[in-house]
Each structure stands twice: as C-alpha cells, then as structure tokens.
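Participant: Read in order, the letters of the sequence shown correspond to residues 2 to 250 in the numbering used here. For every residue, glycine included, the Cβ atom is placed at its ideal position computed from N, Cα and C. Just so you know, these numbers come straight off a predicted model, no measurement behind them.
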Amino acid sequence: MISIKSEREIELMRHAGHINYLTHEEIKKYLKPGVKTEELDKIAHDFILKNDCTPSCLGYEGFPKSICVSINDEVVHGIPGKRKIKNGDIVSIDFCVRYKGYESDSARTYIVGDVPRDIKNLVENTREALNIGLSKVKSGVKIGDISHAIEEFAHSKGLGVVEDLVGHGIGTNMHEEPDVPNFGEANTGVTLKSGMTIAIEPMLTLGGKEVCLTDQDDWVIVTMDESPSAHFEHTVVVTENGYEILTGE
Ligand code: MF3
Ligand code: CO
Numbered sequence: 002m003i004s005i006k007s008e009r010e011i012e013l014m015r016h017a018g019h020i021n022y023l024t025h026e027e028i029k030k031y032l033k034p035g036v037k038t039e040e041l042d043k044i045a046h047d048f049i050l051k052n053d054c055t056p057s058c059l060g061y062e063g064f065p066k067s068i069c070v071s072i073n074d075e076v077v078h079g080i081p082g083k084r085k086i087k088n089g090d091i092v093s094i095d096f097c098v099r100y101k102g103y104e105s106d107s108a109r110t111y112i113v114g115d116v117p118r119d120i121k122n123l124v125e126n127t128r129e130a131l132n133i134g135l136s137k138v139k140s141g142v143k144i145g146d147i148s149h150a151i152e153e154f155a156h157s158k159g160l161g162v163v164e165d166l167v168g169h170g171i172g173t174n175m176h177e178e179p180d181v182p183n184f185g186e187a188n189t190g191v192t193l194k195s196g197m198t199i200a201i202e203p204m205l206t207l208g209g210k211e212v213c214l215t216d217q218d219d220w221v222i223v224t225m226d227e228s229p230s231a232h233f234e235h236t237v238v239v240t241e242n243g244y245e246i247l248t249g250e
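1. Taking the straight line between their C-alpha atoms, what separation do you get for A200 and N88?
2. Secondary structure at R118, three-state DSSP: helix, strand or coil?
3. Quick check for students: name the residue ranges of the beta strand (DSSP E) that lie wholly in the stretch 18-43, counting only runs of 3 or more.
4. In whole angstroms, give me the CA-to-CA distance for V212 and V167.
5. Excluding the five sequence neighbours on either side, which residues of its own chain have a C-beta within less than 6 Å of the C-beta of T110, listed in chain order?
6. Quick check: the Cα distance between K43 and S71, rounded to an integer number of angstroms?
7. Does any heavy atom of ligand 2 sit closer than 8 Å to the C-beta of A200?
8. Taking I246 as the reference, give the member of I3, S4, E12, M2 with the closest Cα.
9. Look up E164 in the DSSP assignment and say whether it is helix, strand or coil.
10. Within a Cβ cutoff of 6 Å, which residues of the same chain sit near D165, ignoring the five residues on either side of it in sequence?
11. Please report the distance separating the alpha-carbon of E1 from that of Y22.
12. Roughly how many angstroms separate the alpha carbons of M175 and D106, rounded to a whole number?
13. Within its chain, find whatever has a CB closer than 7 Å to the CB of Y244; leave out the 5 residues flanking it on each side and keep chain order.
14. Going straight from the alpha carbon of G114 to that of R84, what length do you get?
15. For G170, verify whether its CB is less than 8 Å away from any heavy atom of ligand 3.
16. Tell me where the beta strand (DSSP E) around A187 begins and ends.
17. Note the first and the last residue of the continuous alpha helix (DSSP H) segment covering E153.
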C-alpha cells in the first residue's frame, strides 16, 4: 500500500527533514582530515536529540550507530568507529531523523582535500543525477521516468549505477512502498500522486554496478571492483506541479 500523506503529516515530515538538513550542516563543520568517524556520529546524535528528534538509524535492524559514514569504495551503511578521515577521501554521510513518528532520509557525499579529476566528476555527477531524478517528479509521472532519467544520465557520464540498492517511499517507516530504482524503463511502474513522499537516492560508481557485503560486519556495502562510489539523497513530497524537497535548505 502506498500512503498519501495529509497536510498534517507532511508538516511533521517537513520538520523532521529540516532537522535532517541542519544535522548535515552541523556534521559538515567537523568533516576534516583527522576526524574519527565516531566523532561525526556523536556530533549528529547529540544534535538530533537536542532538537527533540530521534536518530532512527540507531537500532534500525540492529544498526549500531546514528549515522552511516561510507568512505571511498564503501557505497552505503558504513559504521562509524575509530577510523580517521584522510585527505583525498570521498565521504558519504547518510542518516534518518524522526519527529513525532515521521521519518526523513538524506545523504550527501563530500570530497575531503585533493582528489583526482575523475573522482571529483563522480561526486559532482552523482549530485547532478539526483537533481535530474528530482526534476521528473510530479503528480501523474511514473516512477520509471525518474529511474530512467537517472540511469541515462549516469551512463552518459560513463558511471556505474548500483542496482541492488534503491530509493523508497518514506513516512511513518523509513522504508515504504514504492521502490524507486536508479535504473529502468520510462513510462513504467507506479504513478506518482500528490501527497506521496519518496526518497530518491542515486548511488553511482567509477566502475561497475556490482556491490557486496565485506566480511567485517553485516552492514557495510562496497563496490565489488573497489571503485569509488558516491551517494546523494533527498526526501520529497510529490505535488500537483512538481515536488517539495523536505530535507533541503
Ligand atoms: N538512507 C539509508 C537507507 O535508506 C538509511 C539507512 S539507516 C541504517 O537504507 F540504519 F539502515 F543504516
Ligand atoms: Co534512503
């Protein structure tokens, strides 16, 4: 079942999304070479609680921390710990913030210091892929239109499109129907309607599309070919004429 949110529900998601945005801005201040990923987690955790919200990744299916920090070839679900960020890393920060029972989900990838041109392009084009996906959103459009636009753009830039992980509906649960893949055929799938809330999240690579778990834990997902990967995500509400980003400025 795909739920249509009421204006009251959207207002709660708007607030969750706003705190999500402010938490990203707070983390950004500390994202420098030498910082431990668990320090970023603590900054985010404390900030979310101080704003009367819940860091809903913490404990989600047993996830042990409040944010995901995924570095270089790690695609998603990196677990914060003692590891330090280094010059030349690309760092994806992804987390959910809950307010009065409603979720928001957003991810960004940062370039730390100097990286080669191709990796810089990967990050910039993944941000652009999210914008291209967003630009399709409006009542009456099909999910496949978003998926296809993202895939076509990524391939035009020579990037790999991760298929094993997808965007999703969101609301009282972090993951709801429908799936929002980053690949597929235009004019297929679920038709968007005003009041649906979805998270669009392209995950692109400098190599192939294949990903796998490591043998270190049951969470972190890496590219099979060890190529770097970037990830951007926003939670949006579909409107008659387009969309409103709930996790934006
Ligand atoms: N944006 C991530 C997702 O949709 C959030 C994961 S939280 C975690 O999977 F707890 F699962 F890590
Ligand atoms: Co998500």
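Facilitator: Looking at the atomic coordinates:
1. Numbered from its first residue, the sequence shown carries residue 200 at position 199. Numbered from its first residue, the sequence shown carries residue 88 at position 87. Using only the alpha carbons, I get a separation of about 30 Å.
2. Here residue 118 is taken as the residue at index 117 of the sequence shown, counted from 1. Three-state result, R118: helix.
3. none
4. Translated into the one-based positions of the sequence shown, residue 212 becomes position 211. Translated into the one-based positions of the sequence shown, residue 167 becomes position 166. Cα to Cα, V212 sits roughly 13 Å from V167.
5. On the sequence shown, position 109 is the one that residue 110 refers to. Here the set comprises I91, S93, V124, A231, H232.
6. Here residue 43 corresponds to residue number 42 of the sequence shown, with the count starting at 1. Here residue 71 corresponds to residue number 70 of the sequence shown, with the count starting at 1. The straight-line gap from Cα to Cα measures roughly 16 Å.
7. One-based indexing of the sequence shown puts residue 200 at position 199. Answer for A200: yes, Cβ within range of ligand 2.
8. For this step, residue 246 is matched to residue 245 along the sequence shown. Comparing Cα positions, the closest option is E12.
9. In the sequence shown, the residue the question calls residue 164 occupies position 163. Residue state, collapsed to three classes: coil.
10. Indexing the sequence shown from 1 puts residue 165 at position 164. Only V212 meet the Cβ criterion.
11. The chain is shown only over 2 to 250; residue 1 falls outside these bounds and no answer can be derived.
12. Position 174 of the sequence shown, counting from 1, holds the residue named residue 175. Position 105 of the sequence shown, counting from 1, holds the residue named residue 106. The straight-line gap from Cα to Cα measures roughly 7 Å.
13. As a first step, residue 244 is located in the sequence shown; it is residue number 243 there, counting from the start. Counting only Cβ-Cβ distances below 7 Å, and skipping sequence neighbours, we find L135, V138, K139, V237, V238.
14. Translated into positions along the sequence shown, residue 114 becomes position 113. Translated into positions along the sequence shown, residue 84 becomes position 83. If you take the alpha carbons of G114 and R84, they lie about 17 Å apart.
15. With respect to ligand 3, the structure shown offers nothing to examine, as its ligands consist of ligand 1 and ligand 2.
16. Counted from its first residue, the sequence shown places residue 187 at position 186. No beta strand (DSSP E) holds A187; DSSP gives it neither H nor E.
17. Taking the first residue of the sequence shown as position 1, residue 153 is located at position 152. Element bounds for E153: 144-157.
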